[in-house]
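Numbering (my numbering), first residue to last: 49 to 242.
Note that beta-carbon positions come from the ideal geometry of N, C-alpha and C, so glycine has one too.
Since this is a predicted model, take the numbers as computed values, not measurements.
Working notes, beginning with the structure itself.
Below is the structure:
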């Protein structure tokens, strides 16, 4: 049976994660030369090497996310393997295509949903890091524009109080400004002057 067992890991993992995944597969009795990496060129299709495996081969992955780069690709890989007579077992999700297919569909869908949410979160974090690296401001535009700051400082120095200043600032051009946003700026500005 061991001559018909293969492993698969994600090709986009860090070097440390790759070593851990390889060690898990080796603990399952899979030699290193029988461990494939998913093809990052085709994220929504089964990997090409899947067709090189023989019928009744067993493909073991540490996680469903190691089968392919996208949830659509994972589903396509599982379906292609089923059509080719290749059995897939994923250690993290307790997915085993040899078990009753109806019971495994629920496991597969639950895992794909979790991976999709995680993938969305990861993509969002990466996009935010890239935007920050480009120098883009993240989040809402500051409501205290330079004009509003200048007007507020003049009004404070002229003896006006909070609500009157805020109402004046609220009609000036710029993003909406709440009373609490103005008071927070005023508190910070007064503290810096002391």
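Excluding five sequence positions before and after residue 213, the CB atoms of its chain that fall closer than 6 Å to its own CB belong to 200, 203, given in chain order. Taking 8 Å as the upper bound for CB-CB distance, residue 86 and residue 58 are in contact here, some 5 Å apart. Per DSSP, the beta bridge partners of residue 83 are 55. Between residue 225 and residue 232, the C-beta gap is not smaller than 8 Å, which leaves the two residues out of contact. Under the DSSP assignment, residue 130 falls in the alpha helix (DSSP H) whose first and last residues are 119 to 132. Nearest to residue 138 by alpha-carbon distance, out of 75, 188, 108, is 108. Exposed is the label assigned to residue 184, since fewer than 16 other Cβ atoms lie within 10 Å of its Cβ. By the CB criterion at 8 Å, residue 160 and residue 119 fall inside the cutoff. Under the three-state reduction of DSSP output, residue 144 falls in the strand class. In the assembly as shown, residue 55 is a buried residue. Its beta-carbon has 16 or more other beta-carbons within 10 Å.
With contacts defined by Cβ atoms closer than 8 Å, residue 141 and residue 155 form a contacting pair.
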